[in-house]
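Structure first, then comments.
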Amino acid sequence: MMKSLSQGNKNKYLSIIAKFSRLEGSLNHHSFLIDKLSKNFKEIFIINSENLELFSKKKKYNLINAKKKIPSNYTFFDPQNSKDLSKFLEDKEIVVINFLARGFENIRIHYLLKKFKVKQVLITNHGHVAPTQIIPSKHFFKLLSHFFKYYFAKKLTLILSIFGLISKIEIQFLCVKKIVDGFKNSFYKKALYKNNWLFSKEYMLVNSMSYDMLMENKFSLCEDYIVHIDASLNYYHEVELRGRLDKETVSKHYYYLEKFLKRLSNEFNKEVVVCIHPNYNLEEHQEFFKDFKVIKFKTREFIYKSILVTTFDSTAIVDAILLKKKIIGIESDFMTRNEITHAKTFAKKGGYMVLNTKRDYDFNKEKILFQLNQNLSNYDNYISDFHCFEPNISGTNKIIKILKERFF
20 MMKSLSQGNK
30 NKYLSIIAKF
40 SRLEGSLNHH
50 SFLIDKLSKN
60 FKEIFIINSE
70 NLELFSKKKK
80 YNLINAKKKI
90 PSNYTFFDPQ
100 NSKDLSKFLE
110 DKEIVVINFL
120 ARGFENIRIH
130 YLLKKFKVKQ
140 VLITNHGHVA
150 PTQIIPSKHF
160 FKLLSHFFKY
170 YFAKKLTLIL
180 SIFGLISKIE
190 IQFLCVKKIV
200 DGFKNSFYKK
210 ALYKNNWLFS
220 KEYMLVNSMS
230 YDMLMENKFS
240 LCEDYIVHID
250 ASLNYYHEVE
260 LRGRLDKETV
270 SKHYYYLEKF
280 LKRLSNEFNK
290 EVVVCIHPNY
300 NLEEHQEFFK
310 DFKVIKFKTR
320 EFIYKSILVT
330 TFDSTAIVDA
340 ILLKKKIIGI
350 ESDFMTRNEI
360 THAKTFAKKG
370 GYMVLNTKRD
380 YDFNKEKILF
390 QLNQNLSNYD
400 NYISDFHCFE
410 PNISGTNKII
420 KILKERFF
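Just remember that our numbering sits 19 ahead of the position in the sequence shown, which is counted from 1.
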């Protein structure tokens, strides 16, 4: 196990910076990485970002469940302000793994990291597709807000980093081959990269985290369940784009969804298990699926046990693709254009089919099975473009090796 190293009077530590209000979901999503890091570094700090944001408001956090999810050599640090951070760093030199988005609220954090000479890395080897957001013109102010919050904020962050006002990412580890190829094949992108006009100084291609987990294969493979990965219609990132959908629309959506899943269950003679995002409300979703079991924190485990996986636009579908499981993408007449586009984008990239819960209810099982089996070969392109570039090589182990060599 690697020990903290001294530089002058300071000890060097690996750290993670993240929002404590969403920490449980983040730790679940990055659990494989969290575990691997714990075995290679003596002590790791998880730093709360929220009191360091622009216009931050004091919050209270319940970290009991989060602490149960991580190894004992992780220490939580909740700075109340920049002075707390400064005092924390008096006897430490930290390298930060950044779990934050490039939004307006985080510009101050990047400034503070620059001020305190903290080096940061970005680990984005998830193999996810980032779909385009579509906002109806009638929601003009939401469109404007989305533009400033995401697109403009990213550009502003980049400009500030180019002028040295905030810190850049030292290395971004990613698994999207198209991005790295662009730096080699595009004159424009090559020039940006060469002249350090991008937010990350270096981009390094590694195999995806999902591929690494498949290599280690901690779960038994079987075909005992139909697994539905649900999407909340009124989750915050959807509400930001088009406001909340009314109860009647949500009720109709789940009526036809549950009916469709029951049909699948009868045709395949398999129990349906509904898996939801760690940040979703379990009790609320159990009300939507009165005849099915709803589970949190075990999506990957149940995908390994599935004969068929259904999804709207969940990034968890990556595991099903890597395992060559049968997949049906789902859309609903009660979803907005944005959610439907996301569902189809994921399906097109992944190479699986999409059915409508209402209009495709009377499907022919034999035709569906034939198409599902045909689609399995479509997954290969997605795997080679987003997940596996060096067969049988752990991307996570490669990341840890480089972190040690470069920063410790």
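Backbone N, C-alpha and C fix where the C-beta goes; we use that ideal spot for every residue, glycine too. Remember, it's a predicted structure, so these values are computed and weren't measured experimentally.
**OP:** Would you identify the three-state DSSP class for Leu46, choosing helix, strand or coil?
**Re:** helix
Original post:
If you draw a straight line from the C-alpha of Phe96 to the C-alpha of Asn215, how long is it?
Top reply: If you take the alpha carbons of Phe96 and Asn215, they lie about 32 Å apart.
**OP:** Please classify Leu301: is it buried, with 16 or more other beta-carbons within 10 angstroms of its beta-carbon, or exposed?
**Re:** exposed
Original post:
With burial defined as no fewer than 16 other Cβ atoms inside 10 Å of the residue's Cβ, what is the status of Pro98: buried or exposed?
Top reply: Looking at its Cβ environment, which holds 16 or more other Cβ atoms inside 10 Å, Pro98 is buried.
**OP:** Output the distance between the C-alpha atoms of Val292 and Leu132, rounded to the nearest integer angstrom.
**Re:** 43 Å
**OP:** In angstroms with no decimal places, state the Cα-to-Cα distance between Ala250 and Arg319.
**Re:** 16 Å
Subject >> Beta-carbon gap between Leu217 and Thr143 smaller than 7 Å >> reply: Their beta carbons are not under 7 Å apart, which means Leu217 does not touch Thr143 by this criterion.
**OP:** Please state whether DSSP places Ser180 in a helix, a strand or coil.
**Re:** Three-state result, Ser180: helix.
Original post:
Where does the unbroken beta strand (DSSP E) through Val199 begin, and where does it stop?
Top reply: No beta strand (DSSP E) holds Val199; the alpha helix (DSSP H) holding it covers 196-204.
Subject >> Sub-7 Å separation of Phe408 and Leu141 beta-carbons >> reply: no
Subject >> Exposed unless 16 or more other CB atoms sit within 10 angstroms - verdict on Arg425 >> reply: exposed
**OP:** Closer than 6 Å by C-beta to Ser325: which residues in its own chain qualify, once you throw out the five before and the five after it? Chain order, please.
**Re:** Closer than 6 Å at Cβ, skipping near neighbours: Tyr244, Val246, Lys344.
Original post:
Roughly how many angstroms lie between the CA atoms of Lys88 and Ile419, to the nearest whole one?
Top reply: 21 Å
**OP:** Measure the CB-CB distance between Val114 and Leu33 and report whether it falls below 7 Å.
**Re:** yes
Original post:
Would DSSP call Arg425 helix, strand or coil?
Top reply: In the structure shown, Arg425 adopts helical secondary structure according to DSSP, grouped into three states.
Subject >> Neighbourhood of Ser284 by C-beta distance below 8 Å, restricted to the same chain and skipping five residues each side >> reply: Ile245, Glu290, Val291
Original post:
Among residues of its own chain, excluding the 5 on either side of Gly414, which ones have a beta-carbon nearer than 8 Å to its beta-carbon?
Top reply: Answer for Gly414: Asn144, Phe192, Cys194, Val225, Asn226, Ser227, Met228, Tyr230, Asp231, listed in chain order.
Subject >> Status (buried if at least 16 other CB within 10 Å, exposed otherwise) for Glu235 >> reply: Exposed, because fewer than 16 other Cβ atoms sit within 10 Å of the Cβ of Glu235.
Original post:
In chain order, what residues of the same chain lie with their CB nearer than 7 Å to the CB of Tyr401, ignoring the 5 residues before and after it?
Top reply: Excluding its 5 nearest sequence neighbours in each direction, Tyr401 has C-beta neighbours in its own chain below 7 Å: Ile340, Lys368, Gly369, Gly370, listed in chain order.
**OP:** Would you be able to state if there are at least three C-beta pairs under 8 Å between the region 102-110 and the region 43-59?
**Re:** With the cut-off at 8 Å, the region 43-59 and the region 102-110 do not touch.
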